[in-house]
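Engineer: I'd like to ask you about the structure that follows.
Residue numbers (the working numbering), protein chains in the order written: chain Y, 252 to 428; chain V, 252 to 428.
Structure (structure tokens):
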């Protein structure tokens with residue numbers, strides 16, 4: 252059972268008038284409680300051809316490697332979210348450049364967005380959500396221990412684009428297995 | 252006052268342990284109610300150099316012209332959301348191409364994302380949220396009656412890119428006035 256965040260009464264799941272999808276609707280105060288996908292925003296931080304990855308100290312995928320990223324918050328832009336998450340998870344100060352990949356993950360109701368970024372110095376360290384943080388050349392990336400498919404795809408696009416000499420913008424989807 | 256959607260108890264706004272931002276926290280069941288930006292997704296639908304715009308039959312900005320767009324829903328990809336919103340608001344069947352613009356609008360906690368798209372036929376008509384739907388050449392666009400700044404920016408980028416001969420991807424922010 253779910254409750255109305257506006258008045259505390261129980262809510263029922265049904266299609267509101269004029270809508271086409273079922274929503275949590277409050278019969279007491281009339282509030283409709285929409286549920287929408289969340290943006291997960293991060294960076295691909297580079298230093299001299301190497302990329303900064305962090306090993307997760309939290310679930311899901313504890314112990315696996317990922318790019319710094321997290322849920323975008325209210326009152327910030329996507330680029331500000333990318334900068335903040337990078338600082339929180341790796342301690343690294345970066346210059347955020349262009350968006351690089353945007354991948355819908357509909358089975359978890361998320362869209363993952365990664366920006367290219369340049370490390371400003373080597374003063375990175377593990378944050379509370381990271382076991383360790385390290386720079387990797389392409390041949391050193393722990394490909395079998397990458398936390399999320401969107402991260403693996405983004406890393407492969409990055410190394411392929413570097414090889415081709417031009418960084419693009421990569422949009423797509425990741426389906427449930 | 253706000254209530255917990257999980258148990259119906261009143262919630263207080265405070266910083267949870269290990270967090271850095273205030274959240275609605277339920278002292279009864281422990282649920283933390285995060286609030287995150289929403290994705291508004293749409294298309295720039297083209298037919299033979301003209302773009303399809305719709306005049307809004309709903310608030311906000313009733314009577315103003317916009318590109319077809321709306322809130323992305325759970326269980327869909329961003330490209331699917333763009334296709335669905337275009338069909339709902341204009342009746343138009345489109346082929347969705349590459350993402351074209353992505354603009355953060357932090358003062359309303361939204362990110363607006365537009366895809367380039369090609370109309371498959373001329374069978375468009377007003378949906379329940381549109382007063383009218385019409386194709387516009389660049390010189391005919393009602394620039395002073397555009398509903399949202401993200402739509403105006405996206406249209407200007409589109410016409411500029413067409414002139415330059417290459418369509419790019421345009422990311423940025425729209426600040427509160």
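Note that the Cβ used here is the ideal one computed from N, Cα and C, for glycine as well. Computed from a predicted structure; not experimentally measured.
(1) What's the C-alpha gap between residue 375 of chain Y and residue 423 of chain V?
(2) Report buried or exposed for residue 373 of chain V, applying the criterion of at least 16 other Cβ atoms within 10 angstroms of its Cβ.
(3) Please report the straight-line C-alpha distance between residue 428 of chain Y and residue 288 of chain Y, rounded to a whole angstrom.
(4) Just grab the DSSP bridge partners of residue 252 of chain V for me.
(5) Taking only beta-carbon atoms, is residue 362 of chain V less than 8 angstroms away from chain Y?
(6) Do you know offhand how far residue 259 of chain V's Cα is from residue 285 of chain V's?
(7) For chain V, find out if any of its Cβ atoms is closer than 8 angstroms to the Cβ of residue 388 of chain Y; answer yes or no.
(8) Give the DSSP bridge partners of residue 346 of chain Y, in chain order.
(9) Quick one: which unbroken beta strand (DSSP E) runs of 3-plus residues sit fully inside the segment 381-417 of chain V? Chain order, please.
(10) Using a threshold of 8 angstroms, state whether the C-beta atoms of residue 290 of chain Y and residue 362 of chain V are closer than that.
(11) According to the neighbour-count rule (16 or more other Cβ atoms, all chains shown, within 10 Å of its Cβ), is residue 316 of chain V buried or exposed?
(12) Return the CA-CA distance between residue 430 of chain Y and residue 305 of chain Y, expressed in angstroms with no decimal places.
(13) Identify every residue that forms a DSSP beta bridge with residue 361 of chain V.
(14) Listed from N- to C-terminal order along the chain, which residues in the segment 280-305 of chain Y have their beta-carbon within a distance smaller than 8 angstroms of any beta-carbon of chain V?
(15) Flag residue 259 of chain Y as yes if its beta-carbon sits less than 8 angstroms from any beta-carbon of chain V, otherwise no.
(16) List the residues of chain Y that residue 328 of chain V touches, going by C-beta distances under 8 angstroms, in chain order.
(17) Which class does residue 426 of chain Y belong to by DSSP, given the choice of helix, strand or coil?
(18) Please report the straight-line C-alpha distance between residue 321 of chain V and residue 386 of chain Y, rounded to a whole angstrom.
(19) For residue 328 of chain V, does the three-state DSSP call read helix, strand or coil?
(20) Which value, in whole angstroms, describes the spacing of the CA atoms of residue 370 of chain V and residue 346 of chain V?
(21) Going by the CB atoms, is the gap between residue 333 of chain Y and residue 293 of chain Y shorter than 8 angstroms?
(22) Taking residue 381 of chain V as the reference, which of V:265, V:330 and V:340 has the closest Cα?
(23) Look at the alpha carbon of residue 405 of chain V and the alpha carbon of residue 413 of chain Y, and state the distance between them as a whole number of angstroms.
(24) Closer than 8 angstroms by beta-carbon distance: list the chain Y residues that pair up with residue 272 of chain V, in chain order.
(25) Start and end of the beta strand (DSSP E) containing residue 261 of chain V?
(26) Assign residue 319 of chain V to buried or exposed, taking buried as 16 or more other Cβ atoms, counted over all protein chains shown, within 10 Å of its Cβ.
(27) Would you please state the rounded distance, in angstroms, between the beta carbons of residue 303 of chain V and residue 349 of chain V? I believe it to be under 8 angstroms.
(28) Nearest to residue 366 of chain Y by CA position, among Y:275, Y:336, Y:267 and Y:425, is which residue?
(29) Relative to the C-alpha of residue 355 of chain V, which residue among Y:312, Y:395, Y:330 and Y:276 is closest?
(30) Starting from the C-beta of residue 401 of chain V, find all residues in its chain whose C-beta is less than 7 angstroms away, skip the five residues before and the five after it, and write them out in chain order.
(31) Using DSSP with H/G/I as helix, E/B as strand and the rest coil, what is residue 318 of chain V?
(32) So what does DSSP say about residue 339 of chain Y, is it helix, strand or coil?
(33) Along chain Y, which residues have their Cβ under 7 angstroms away from the Cβ of residue 255 of chain V?
(34) Just to confirm the assignment, what range does the beta strand (DSSP E) spanning residue 258 of chain Y have?
(35) Can you tell me the Cβ-Cβ gap for residue 351 of chain Y and residue 275 of chain Y, rounded? I've got them flagged as a contact below 8 angstroms.
Structural biologist: A quick look at the data gives this:
(1) For this step, residue 375 of chain Y is matched to residue 124 along the first chain. For this step, residue 423 of chain V is matched to residue 172 along the second chain. So the alpha carbons of these two residues sit roughly 27 angstroms apart.
(2) The residue given as residue 373 of chain V occupies position 122 in the second chain. So residue 373 of chain V counts as exposed.
(3) Residue numbering aside, residue 428 of chain Y sits at position 177 when the first chain is read from its first letter. Residue numbering aside, residue 288 of chain Y sits at position 37 when the first chain is read from its first letter. Spanning the two alpha carbons is a distance of roughly 19 angstroms.
(4) The residue labelled residue 252 of chain V in the question sits at position 1 within the second chain. Residue 252 of chain V pairs with nothing; no bridge assigned.
(5) On the second chain, position 111 is the one that residue 362 of chain V refers to. Residue 362 of chain V counts as touching chain Y.
(6) Taking the second chain and counting its residues from 1, one reaches residue 259 of chain V at position 8. Taking the second chain and counting its residues from 1, one reaches residue 285 of chain V at position 34. Distance between the alpha carbons of residue 259 of chain V and residue 285 of chain V is about 16 angstroms.
(7) On the first chain, residue 388 of chain Y is found 137 positions in, with the first residue counted as 1. Chain V contact via Cβ: absent.
(8) Against the first chain, residue 346 of chain Y aligns to sequence position 95. In the DSSP output, where bridge partners are listed per residue, residue 346 of chain Y has Y:369.
(9) 381-387
(10) Along the first chain, one-based indexing puts residue 290 of chain Y at 39. Along the second chain, one-based indexing puts residue 362 of chain V at 111. Yes, they are a contact pair.
(11) As a position in the second chain, residue 316 of chain V is number 65, starting the count at 1. The residue in question, residue 316 of chain V, is buried, as its Cβ has 16 or more Cβ neighbours within 10 Å.
(12) For residue 430 of chain Y there is no data in the structure shown, the boundaries of chain Y being 252 and 428.
(13) Mapped onto the second chain, residue 361 of chain V falls at position 110. DSSP, once it has assigned bridges, lists V:289 and V:356 as partnering residue 361 of chain V.
(14) 284, 285, 286, 287, 288, 289 and 290
(15) Sequence index remark: in the first chain, residue 259 of chain Y carries index 8 (1-based). Closer than 8 angstroms: yes.
(16) Translated into positions along the second chain, residue 328 of chain V becomes position 77. Those are 355, 357 and 424, listed as they occur along chain Y.
(17) In the first chain, the residue the question calls residue 426 of chain Y occupies position 175. Coil, per DSSP.
(18) Here residue 321 of chain V refers to the residue found at position 70 of the second chain. Here residue 386 of chain Y refers to the residue found at position 135 of the first chain. The alpha-carbon atoms of residue 321 of chain V and residue 386 of chain Y are separated by roughly 40 angstroms.
(19) Residue numbering aside, residue 328 of chain V sits at position 77 when the second chain is read from its first letter. Looking at residue 328 of chain V - three-state DSSP - the assignment turns out to be coil, as it is neither helix nor strand.
(20) Within the second chain, the letter at position 119 stands for residue 370 of chain V. Within the second chain, the letter at position 95 stands for residue 346 of chain V. In a straight line, the C-alpha of residue 370 of chain V is about 7 angstroms away from that of residue 346 of chain V.
(21) Against the first chain, residue 293 of chain Y aligns to sequence position 42. Against the first chain, residue 333 of chain Y aligns to sequence position 82. In this structure, residue 333 of chain Y lies closer than 8 angstroms to residue 293 of chain Y by Cβ.
(22) On the second chain, position 130 is the one that residue 381 of chain V refers to. Of V:265, V:330 and V:340, the residue nearest in Cα terms is V:340.
(23) Counted from its first residue, the second chain places residue 405 of chain V at position 154. Counted from its first residue, the first chain places residue 413 of chain Y at position 162. Distance between the alpha carbons of residue 405 of chain V and residue 413 of chain Y is about 29 angstroms.
(24) Counting from one through the second chain, the residue named residue 272 of chain V turns up at place 21. In chain order: 324.
(25) Position 10 of the second chain, counted from the start, is the residue given in the question as residue 261 of chain V. 261-265 is the extent of the beta strand (DSSP E) around residue 261 of chain V.
(26) As a working mapping, residue 319 of chain V is identified with position 68 in the second chain. So residue 319 of chain V ends up on the buried side.
(27) Along the second chain, one-based indexing puts residue 303 of chain V at 52. Along the second chain, one-based indexing puts residue 349 of chain V at 98. The pair is not a contact, with the Cβ atoms about 18 angstroms apart (cut-off 8 angstroms).
(28) The count along the first chain starts at 1 and reaches residue 366 of chain Y at position 115. Minimum Cα distance to residue 366 of chain Y is reached at Y:336.
(29) Locating residue 355 of chain V in the second chain gives position 104, counting from the first residue. Closest option to residue 355 of chain V, Cα to Cα, is Y:330.
(30) Your numbering for residue 401 of chain V matches position 150 in the second chain. Taken in chain order, the residues that qualify are 354, 356, 363 and 425.
(31) Within the second chain, residue 318 of chain V is the residue found at index 67, counting from 1. Of the three classes helix, strand and coil, the one that applies to residue 318 of chain V here is coil, per DSSP.
(32) Translated into positions along the first chain, residue 339 of chain Y becomes position 88. Looking at residue 339 of chain Y - three-state DSSP - the assignment turns out to be helix.
(33) Here residue 255 of chain V corresponds to residue number 4 of the second chain, with the count starting at 1. What residue 255 of chain V touches in chain Y: 254.
(34) Residue numbering aside, residue 258 of chain Y sits at position 7 when the first chain is read from its first letter. Here residue 258 of chain Y belongs to no beta strand (DSSP E), and DSSP marks it neither H nor E.
(35) Walking along the first chain from the start, residue 351 of chain Y turns up at place 100. Walking along the first chain from the start, residue 275 of chain Y turns up at place 24. About 36 angstroms; that fails the 8 angstroms criterion.
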